[in-house]
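This report refers to the structure that appears directly beneath it.
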Amino acid sequence: FQEAMSGGLGRYFALGTTSLRRGYYFSYPVQRQGAILGVLVVKVDIATAEARQIPGQEELIVTDPAGVVFISSRP
243 FQEAMSGGLG RYFALGTTSL RRGYYFSYPV QRQGAILGVL VVKVDIATAE ARQIPGQEEL
303 IVTDPAGVVF ISSRP
């Protein structure tokens with residue numbers, strides 16, 4: 243959120259404050275004529291993403307910018 247309020251794209255892995263479900267959050271500033279009016283936030287539910295089957299023998303690893311793995315096709 244703070245990155246988006248500064249004009250950039252925000253990305254963050256966290257637990258939902260009400261759902262307590264793991265999520266990866268994307269945030270982006272909403273602007274008009276260069277002024278930031280607010281922030282749009284989208285949450286990707288990690289449990290839903292993990293439940294998706296990966297076709298074939300492909301492997302999937304998703305990390306945050308710090309290198310923390312939060313989704314993996316390997317147990």
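Residue numbers for the sequence shown follow our numbering, beginning at 243 and rising by one.
No residue lacks a Cβ here, since even glycine has one placed at the ideal position from N, Cα and C.
Computed from a predicted model, the values in this text were never measured in an experiment.
I'd like the list of long-range same chain contacts for residue i, defined as Cβ closer than 7 Å, with 5 residues on each side in sequence excluded.
| i | result |
| --- | --- |
| Ile-288 | Arg-264, Gly-265, Tyr-266, Phe-312, Ile-313 |
Using DSSP bridges, identify the partner residues of residue i.
| i | result |
| --- | --- |
| Thr-305 | Val-311 |
| Ile-288 | Its beta-bridge partners do not exist; DSSP assigns none. |
| Arg-253 | Phe-268 |
Does any heavy atom of the ligand ADP sit closer than 8 Å to the C-beta of residue i?
| i | result |
| --- | --- |
| Thr-305 | Here there are no bound small molecules, and the ligand ADP is not part of this structure. |
Taking its Cβ as the centre, do 16 or more other Cβ atoms sit within 10 Å of residue i, making it buried, or is it exposed?
| i | result |
| --- | --- |
| Ser-269 | buried |
| Pro-271 | buried |
Nearest to residue i by CA position, among the options, is which residue?
| i | options | result |
| --- | --- | --- |
| Gly-276 | Phe-243, Ser-248, Arg-316 | Ser-248 |
| Glu-242 | Val-304, Gln-299, Gly-250, Phe-243 | As displayed, the chain neither begins before 243 nor continues past 317, which places residue 242 out of reach and without an answer. |
| Leu-302 | Arg-316, Val-310, Lys-285, Gly-309 | Arg-316 |
Leaving out the 5 sequence neighbours to the left and right, which residues in its chain are closer than 6 Å to residue i when beta-carbon positions are compared?
| i | result |
| --- | --- |
| Gly-280 | Val-272 |
| Ala-246 | Gly-252, Ser-269, Tyr-270, Pro-271, Val-281 |
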